[in-house]
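Numbering (mature numbering (1 follows the signal peptide of the UniProt record, and there is no 0)), first residue to last: -21 to -1, 1 to 118.
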């Protein structure tokens, strides 16, 4: 009985490893993880309070830090209007959401990009408060 030559066995082993490696990485990575239920509820409440952020003048437009990065600082900023909102409830909800994000990150050992997100400020455009454009994260 003839035994297979070493090169043939080596080729078969390499081919098997290649197939295993290719199929192991075949699943596409998932998108950004869904927020925790409490965090999502807070985000919805914040969105409801901000509403359409109606404004008559730029001085009515404010920004608020939203969320928390694992290495510190907010995830982003949101424009809102003080035309019909004093911001007290909005500030309390934003703080609660940031705290919920920090707790989730600590519990899960999450990491984030440590780019500093600077407050871009806000202005009134077409009767609505929007974030100023052209502000990039500081590295």
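Every residue gets a Cβ at the ideal spot worked out from N, C-alpha and C, and that includes glycine.
Here the structure is a predicted model, which is why all the values come from computation and not from measurement.
Following the DSSP letters along the chain, one finds residue 41 inside the beta strand (DSSP E) bounded by residues 40 to 45. DSSP, read as helix, strand or coil, puts residue 96 in coil. In the DSSP assignment, residue 55 is bridged to 45. The C-alpha of residue 31 is placed about 18 angstroms away from the C-alpha of residue 67.
Proximity of the stretch 32 to 42 to the stretch 56 to 74 meets the contact definition, three or more beta-carbon pairs being nearer than 8 angstroms. Between residue 48 and the set 90, 99, 97, the nearest pair of CA atoms involves 90. No Cβ-Cβ contact shorter than 8 angstroms links residue 18 with residue 71. Annotation for residue 101: the continuous beta strand (DSSP E) segment containing it runs 101 to 104.
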